[in-house]
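Q:
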Amino acid sequence: MISFNFGHLFFTAHSGCCLLLLLQAPKNQPQKMGWIFLYFFFFYALHVLILRLLSRVQKRPPSPFPALPFVGHLHLLKPPLHRTFAKISDRYGPILLLRFGSRPVLLVSSPFAADQCLTKNDVIFANRPRLLAGKHLGYDYTSLVWASYGDHWRNLRRIASHLLSSTNLQALSSTRADEVHSLLHSLHQKSDQIVDVRTVLFEFMLNVMMTMIGGKRYFGDNTADAEESRNFQEIVSETFRLSGTNFADYLPILKWIIGSRRIERSYINLRKRRDGFMQNLIEEHREIKKLEMRTQSPLSGETKKKKTMIEVMLSLQESDPDYYTDEIITSLMLVLLSAGTDTTVATMEWAMSLLLNHPHALAKVRAEIDDVVGQERHVDESDLEKLRYLQCVIKETLRMYPVGPLLVPHESSADCTVGGYHIPRGTMLLVNVWAIHNDGRNWEEPAAFRPERFLEAAAGGGDGLRYVPFGFGRRGCPGETLAVKVVGLVVGSLIQCFEWDRIGEEMVDMAERTGLTMPKAHPLQAKCRPRPILYRAIRSYSHS
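So that you can map any letter, position 172 of the sequence shown is 201 in my numbering, and since no number is skipped, the others follow by simple counting.
1. Locate the alpha helix (DSSP H) running through residue 389, then write down its first and last residues.
2. Roughly how many whole angstroms lie between the Cα atoms of residue 160 and residue 291?
3. Quick one: residues in its chain with C-beta nearer than 8 Å to the C-beta of residue 170, no 5 flanking neighbours on either side, listed in chain order?
4. On a CA-only basis, which of 424, 565, 371, 498 is nearest residue 143? Give me that one, please.
5. Would you say residue 469 touches the ligand SAM, meaning its beta carbon is less than 7 Å from a heavy atom?
6. Please go through the segment 188-276 and give each complete alpha helix (DSSP H) segment of 4 or more residues, from N-terminal end onward.
7. Check whether the Cβ atoms of residue 380 and residue 422 sit closer than 8 Å, and answer yes or no.
8. Among residues of its own chain, excluding the 5 on either side of residue 239, which ones have a beta-carbon nearer than 8 Å to its beta-carbon?
9. Could you tell me whether the Cβ atoms of residue 303 and residue 385 are closer together than 8 Å?
10. Output the residue ranges of the alpha helix (DSSP H) runs that lie fully inside the segment 425-509 and measure 4 residues or longer, sorted by chain position.
11. Cutting at 6 Å between CB atoms, please list the residues of its own chain near residue 442, excluding the five before and the five after it.
12. What is the C-beta distance between residue 114 and residue 464, in whole angstroms, given that I count them as a contact (C-beta under 8 Å)?
13. Kindly identify the DSSP beta-bridge partner or partners of residue 346.
14. Can you give me the C-alpha to C-alpha distance between residue 527 and residue 558, rounded to a whole angstrom?
15. Could you work out which residue in 281, 305, 267, 206 is closest to residue 295 when comparing CA atoms only?
16. Quick check on residue 555: does DSSP put it in helix, strand or coil?
17. Tell me the rounded alpha-carbon separation between residue 121 and residue 92.
18. Between 550, 561, 228, which has its C-alpha nearest residue 399's C-alpha?
19. Within a Cβ cutoff of 8 Å, which residues of the same chain sit near residue 224, ignoring the five residues on either side of it in sequence?
20. With 16 other CB atoms within 10 Å as the buried threshold, where does residue 634 fall?
21. Note the first and the last residue of the continuous alpha helix (DSSP H) segment covering residue 574.
22. Per DSSP, which one or two residues make a beta bridge with residue 527?
23. Compute the beta-carbon to beta-carbon distance between residue 461 and residue 137, rounded to the nearest angstrom, for a pair I have assumed lies under 8 Å.
24. Determine the DSSP secondary structure at residue 132, reduced to helix, strand or coil.
25. Determine the DSSP secondary structure at residue 517, reduced to helix, strand or coil.
26. I need the boundaries of the alpha helix (DSSP H) containing residue 309, first residue and last residue.
27. Let me know if residue 196 comes out buried or exposed under the rule of 16 or more other beta-carbons within 10 Å of its beta-carbon.
28. Per the DSSP calculation, residue 549 is bridged to which residue(s)?
29. Tell me whether residue 166 sits in a helix, a strand or coil according to DSSP, three-state version.
30. Assign residue 160 to one of three DSSP states: helix, strand, or coil.
31. Using CA coordinates, which residue listed in 218, 388, 383 is at the minimum distance from residue 540?
32. Have a look at 139, 515, 168 and flag the residue whose alpha-carbon is nearest the alpha-carbon of residue 419.
33. Does the beta-carbon distance from residue 395 to residue 524 come in below 8 Å?
34. Would you mind sorting residue 251 into buried or exposed? The rule is 16 or more other CB atoms within 10 Å of its CB.
35. Alpha carbon to alpha carbon, how far is residue 361 from residue 353? Give it in angstroms, no decimals.
36. CA-CA distance, residue 134 and residue 340?
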């Protein structure tokens, strides 16, 4: 039997040949160009016939019409993608088969369909598609995010889970507390001024992650040298700019036609800069360890508590240097840095935006903090589980604006069945988490900001697969615990220590920008005024 992939690749190959012939054909030979067009449409008709015959033999999911020659359904993609996909699913159903150029794509938009893919067929869909970002920024598909399912990926996942375990996070809690106090001090200096909230939170989160990873800060006081800080900031900005997919992932012929090799060169140059930066950090840690061995000065108990993630990885390297190479260490640290920064910043910015647009909810969070924590000390991580309404605000934020509106793509490693439909091997899977979270069949008044719904859900027994902001299954996010801790601590601290006001009378613009993490289209700006608790918190911290 001719498979879906074979039939499609057959057509794609001929489409590419036709396109190249058209580009090379002399413009003064219309008869020759006419034959090329005829040749193209003959194979397009043959392609459609093959697909229709296959659909009768193998029950495949519905597919929007039309799928254009060569590009498939790429012409339907309009930002923001999660909303476009939701509209398509509303029309054709929660399980759809799309075609992005040369790639078959399964789009699922319901709890049942997601469960079919990532629970029933979790092993089959545990792989990642081969995209340019994975090749160049994922170390030839060997990093935690891009590695194929198998022993190597399981080992990386085990290490990441260890680094982000409750025990290790607790050991680094003072690091996060230090950065929160630096954040509060910075905002105090901006009192009654317009604050670019995204920038402040972004710098805070990068400091948190880099202090945990490498023991260095890059923003504010007591930072690394200016040149190193500038280089780090440029690397982070370029990484987020190049992350994701581009049309060359789906139309490989574009590399030859419109010069997409420039994109590859950008990836290669960025990887060199990232490698160089992280290698310097690794070498610094090695030099410190050599110095300690030469002077025979053991680490103090407090220093051991703040052991960086690079130190942990270098200890593993001593036990198995052939596996734990510097490249493995670099790739894992960069994954934790990028995954732990942008997503967390976006969630905190959305949460503050929602609260500014809903003053009654903001007042309710503040009243809860004042009641539980009091007026004599600053909120800390141990308070978070008792701040139930704050937790509901964070959950409602993640429901309305999930950290990844479309989960990182998966790919099927074998033929399987999803919802009664045949899904061929090599199909890319997109799970539209935003659609699941904002579907009226799953949630009452999904467009309304109602944190109380999670108090009701807790009383009623939970949310199941209608609420999956960090994904689930084998490839679920290992950093969920850290993200929830940081978001709760920061949002709670900002509300406890400052009065917040919108700029003018207008509501905060809640428009979304397309991206891996669905950032706000317009960065949040607001004004803050210190509350008395801020000064007590600063005094108590300075004496600790």
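Ideal Cβ placement from N, Cα and C applies to all residues, glycine included.
From a predicted model like this one, the values you see are computed outputs, not experimental measurements.
A: The answer reads as follows:
1. Residues 388-401.
2. Roughly 15 Å separates the two Cα atoms.
3. The beta carbon of residue 170 lies closer than 8 Å to those of 157, 159, 163, 164, 176, 177 in the same chain, with the five residues before and after it left out.
4. Of 424, 565, 371, 498, the residue nearest in Cα terms is 498.
5. Absence of the ligand SAM is noted for the structure shown, with no ligands found whatsoever.
6. Restricted to the segment 188-276, the alpha helix (DSSP H) segments that are unbroken, complete and at least 4 residues in length are 195-200, 202-218, 226-243, 255-271, listed in chain order.
7. In contact: residue 380 and residue 422 (Cβ atoms closer than 8 Å).
8. The answer, listed in chain order, is 245, 246, 247, 261, 366.
9. Result no, Cβ atoms of residue 303 and residue 385 do not sit closer than 8 Å.
10. If only uninterrupted alpha helix (DSSP H) runs of at least 4 residues are considered, those enclosed by the segment 425-509 are 462-466, 481-489.
11. For residue 442, the CB contacts under 6 Å within the same chain, skipping 5 residues up- and downstream, are 153, 156 in chain order.
12. Contact flag correct, Cβ pair sits at about 7 Å.
13. Within the DSSP secondary-structure output, residue 346 pairs in no beta bridge.
14. Linking residue 527 to residue 558 through their CA atoms gives a straight-line distance of about 5 Å.
15. Comparing Cα-Cα distances from residue 295 to each of 281, 305, 267, 206, the minimum goes to 267.
16. Reduced to three states, the DSSP call for residue 555 is strand.
17. Each residue's CA atom was taken as its position, placing residue 121 and residue 92 some 7 Å apart.
18. The shortest Cα separation from residue 399 among 550, 561, 228 belongs to 561.
19. These residues qualify, in order along the chain: 216, 554, 555, 556, 557.
20. Outside the displayed span of the chain (30 to 573) sits residue 634, for which this structure offers no information.
21. Given a span of 30 to 573 for the chain in the structure shown, any question on residue 574 remains unanswerable.
22. According to DSSP, residue 527 bridges with 559.
23. About 7 Å; that satisfies the 8 Å criterion.
24. DSSP places residue 132 in strand when its eight states are reduced to three.
25. Three-state result, residue 517: helix.
26. For residue 309, the enclosing alpha helix (DSSP H) has its first and last residue at 290-324.
27. Residue 196 comes out exposed.
28. DSSP output for residue 549 lists 541 as bridge partner(s).
29. Three-state DSSP puts residue 166 in coil, outside helix and strand.
30. If DSSP states are grouped into helix, strand and coil, residue 160 belongs with coil.
31. Sorting 218, 388, 383 by C-alpha distance to the C-alpha of residue 540 places 383 at the top.
32. Taking each of 139, 515, 168 in turn and checking the Cα distance to residue 419, the smallest one comes out for 515.
33. Residue 524 sits close to residue 395, with the two beta carbons spaced by under 8 Å.
34. Residue 251 should be labelled exposed.
35. Distance between the alpha carbons of residue 353 and residue 361 is about 11 Å.
36. Taking the CA atoms as reference points, residue 134 sits about 41 Å from residue 340.
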